[in-house]
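In what follows, a structure is listed as structure tokens, so that the remarks can point back to it.
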Amino acid sequence: MKTLPGFRDLFPEDFARRRYLTGLWRDTARRYGFVEFDGPTLESAELYRKKNSGGEILGQLYEFTDKGDRTVALRPEVTPTLARMVASKHRDYPKPIRWFNVGTCFRYERQQRGRLREFLQFNCDLVGDATSAADAEVVALLIDLLRSFGLGPEDFAIRLSDRSAWHDFLTLHGVEHDHAGEFLNIVDKMEKMPFEKTEELLAPFGIPQATIQEFISTGRIPALDPLLADLEARGLRAYVRPDLGVVRGLAYYTGVVFEAFALQGNLRAIAGGGRYDRLLADLSDGLADLPAVGFGVGDAVLLELINEIPAAKSLEASYLKSEPPLQVYLVIADESHRSNALALAQQLRVTGWRVGFPLGQEKVGKQFGTAETLGASHAVVIGAEWPNVKVKRLSDRMEQELDHATLAIWLEEHGAAVS
RNA sequence: GUGGCUGUAGCUCAAUGGUAGAGCUCCGGUUUGUGGUACCGGCUGUUGCGGGUUCGAGCCCCGUCAGCCACCCCA
């Protein structure tokens with residue numbers, strides 16, 4: 412039996428990496444004053460079908476009928492859930508609301524490197540502030556997040572755009588905004604599609620492709636100026652690049668949209684997000700009309716990226732080394748002292764040390780090897796010297812004999828943490 | 001959903017159509033209270049699965065499933 416395609420088993424070494432990821436996700440979000448929330452993994456499929464909430468994602472929905480005849484879906488993203496939760500209870504929270512989530516999402520699509528059917532996503536959303544100051548806060552958070560993994564300006568960049576610029580463009584050319592989504596979809600794919608094909612698709616809009624290309628190539632997005640000034644003040648300007656070509660697939664974005672992408676290799680977008688000022692109103696039938704901006708990062712792409720960037724890889728490695736399975740290993744040199752070893756192990760464990768010892772009689776040499784393998788920084792030999800024991804620092808083989816009763820204090824002072 | 005490439009031991013990979021191998025990992029040992037190196041030994045396969053061609057298929061053909069890559073799109 413294997414896992415289903417696009418799903419994965421997380422062995423302890425995989426889970427350690429996940430802990431590293433989620434730890435930094437949470438730390439960064441908290442530094443920006445965000446608090447963690449979560450919602451159901453399974454939702455009514457209707458949540459994703461409601462006007463404006465879907466886009467291309469609908470075709471990737473894990474959707475089925477449950478035993479109560481309800482049409483349900485595994486969440487492909489958490490933004491709709493967030494929107495519903497905020498809309499239903501936002502009066503209980505001061506604005507703006509800063510919430511983040513670390514949760515599993517599902518999308519039924521062809522598996523590929525950095526793209527799975529079940530993945531962990533980090534989501535940050537700021538609700539209740541429509542200014543570019545809020546946009547900047549979220550973009551800055553994303554930049555700091557990627558930096559915390561050891562990634563620098565040579566490794567990634569944030570492409571910034573603004574859908575309002577396109578809306579103005581459409582107004583100028585007399586196109587109704589009802590068709591904006593359709594139009595932006597064409598723009599999104601323009602650079603990859605044959606010229607003639609694009610012309611054909613654009614025909615109903617009456618806008619020549621050349622006009623669009625000219626608009627993009629000006630590179631001017633006045634709506635982004637306050638955001639760029641804000642990031643400049645934070646010293647983060649170097650990470651962002653205005654680019655009208657970024658449109659994003661999700662239908663509910665209304666203003667600024669952005670995506671983080673790797674500058675080397677051919678990884679896809681690392682993270683993506685934007686402003687969705689109408690989603691809450693749409694999902695709550697107007698009960699909560701709150702502007703919002705947010706982004707999502709997937710674990711799969713990030714893990715691949717870390718593997719490719721040496722600085723990021725070594726940062727991860729030092730974390731993993733700091734989290735060994737064991738800190739202290741009790742070497743039972745004389746079986747007649749096993750009960751003393753058990754008492755000592757218990758005492759150390761209660762005070763918080765990660766302690767191991769052989770479950771059966773084993774040669775001393777092998778026990779040291781086990782201590783080594785499991786990452787313990789110290790071995791404690793329990794045998795003929797009792798009530799004294801020998802503490803040995805494995806890194807430099809320094810050994811010291813002391814009364815077992817003082818061992819916990821000794822470890823506290825000398826630190827069993829890795830060197 | 002479309003196209004291309006690949007599928008052999010837990011992992012990485014060998015094997016002119018002729019009896020399936022190596023390295024690593026893992027386990028045990030190198031005479032019994034001190035260490036990831038060294039040496040010795042041991043375990044594991046219906047060659048992804050199902051058909052077909054052939055005296056004979058890991059190898060050739062078809063199908064299927066899975067993985068990788070490129071589209072599509074996205075985290």
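With positions in the first sequence counted from 1, the corresponding number in this note's numbering is that position plus 411.
No residue lacks a Cβ here, since even glycine has one placed at the ideal position from N, Cα and C.
Query	Result
Excluding five sequence neighbours on each side, which residues of the same chain lie with their C-beta closer than 8 Å to the C-beta of residue 418?	527, 528 and 529
In or out: residue 718 buried (at least 16 other Cβ within 10 Å) or exposed?	exposed
With the cut-off set at 9 Å, would you say residue 491 and residue 694 are in Cβ contact?	yes
Can you give the Cα-Cα distance for residue 848 and residue 550, rounded to whole angstroms?	Outside the modelled stretch of the chain, which goes from 412 to 830, sits residue 848, for which no answer is possible.
Determine, using beta-carbon pairs with one atom in the segment 569–583 and one in the segment 652–668, whether at least three such pairs fall under 8 Å.	yes
Jot down the residue ranges of each uninterrupted alpha helix (DSSP H) in the segment 586–620, minimum 4 residues, whole runs only, in chain order.	591–601 and 606–613
At a cut-off of 8 Å, is residue 571 close to the ligand ATP when judged by its beta-carbon and the heavy atoms of the ligand?	Among the ligands in the structure shown, none appear at all, so the ligand ATP cannot be discussed.
Residues in its own chain within less than 7 Å of residue 829 by CB, not counting five upstream and five downstream?	Unreliable positioning characterises residue 829 in this predicted model, as indicated by a pLDDT of 43, which lies under 50. The coordinate reading is nonetheless provided below. The residues are 732, 733, 735 and 788.
For the alpha helix (DSSP H) holding residue 804, just list the boundary residues, first then last.	Taken as a continuous stretch (DSSP letters only), residue 804 belongs to no alpha helix (DSSP H), being part of the beta strand (DSSP E) at 799–804.
I want to know whether the segment 477–497 touches the segment 452–461 - three or more CB-CB distances under 8 Å.	yes
Could you tell me the distance, in whole angstroms, from the CA atom of residue 533 to the CA atom of residue 544?	21 Å
Roughly how many whole angstroms lie between the Cα atoms of residue 614 and residue 598?	13 Å
Any idea which residues DSSP pairs residue 482 with across the strands?	476
Could you pull the start and end residues of the beta strand (DSSP E) that residue 670 belongs to?	667–673
How is residue 455 classed by DSSP in three states: helix, strand or coil?	strand
I'd like to check one pair, residue 703 with residue 536: are the Cβ atoms closer than 9 Å?	yes
Closer than 8 Å is the cut-off here; do at least three beta carbon pairs connect the segment 471–480 with the segment 517–526?	yes
Using the Cα positions of residue 432 and residue 539, report the straight-line distance between them to the nearest angstrom.	28 Å
DSSP three-state label for residue 710, please.	helix
Looking at the unbroken beta strand (DSSP E) that takes in residue 532, where does it start and where does it end?	529–538
What residue range is occupied by the uninterrupted alpha helix (DSSP H) comprising residue 721?	721–732
Please confirm if the segment 767–782 is in contact with the segment 736–751, defined as three or more CB-CB distances below 8 Å between the two stretches.	yes
Do residue 626 and residue 580 have their beta-carbon atoms positioned less than 9 Å apart in this structure?	yes
Compare the C-alpha of residue 810 against each of 819, 791, 796 and 797 and name the closest.	791
Just to confirm, are residue 671 and residue 569 a CB contact at a threshold of 9 Å?	yes
Kindly list the residues whose CB is nearer than 7 Å to the CB of residue 819, restricted to its own chain and excluding five residues on each side of it in sequence; keep chain order.	758, 759 and 762
Would you report the Cα separation of residue 801 and residue 712, rounded to the nearest angstrom?	47 Å
Within the continuous alpha helix (DSSP H) that includes residue 580, where are the two ends?	574–583
Once DSSP output is grouped into helix, strand and coil, what is the label at residue 450?	coil
Give me the residue from 813, 691 and 775 with the minimum Cα distance to residue 500.	691
Verify whether the separation of the beta carbon atoms of residue 552 and residue 687 is less than 9 Å.	no
Can you check DSSP and say which residues form a bridge with residue 512?	534
Is the beta carbon of residue 751 sitting closer than 9 Å to the one on residue 721?	no
For residue 627, does the three-state DSSP call read helix, strand or coil?	helix
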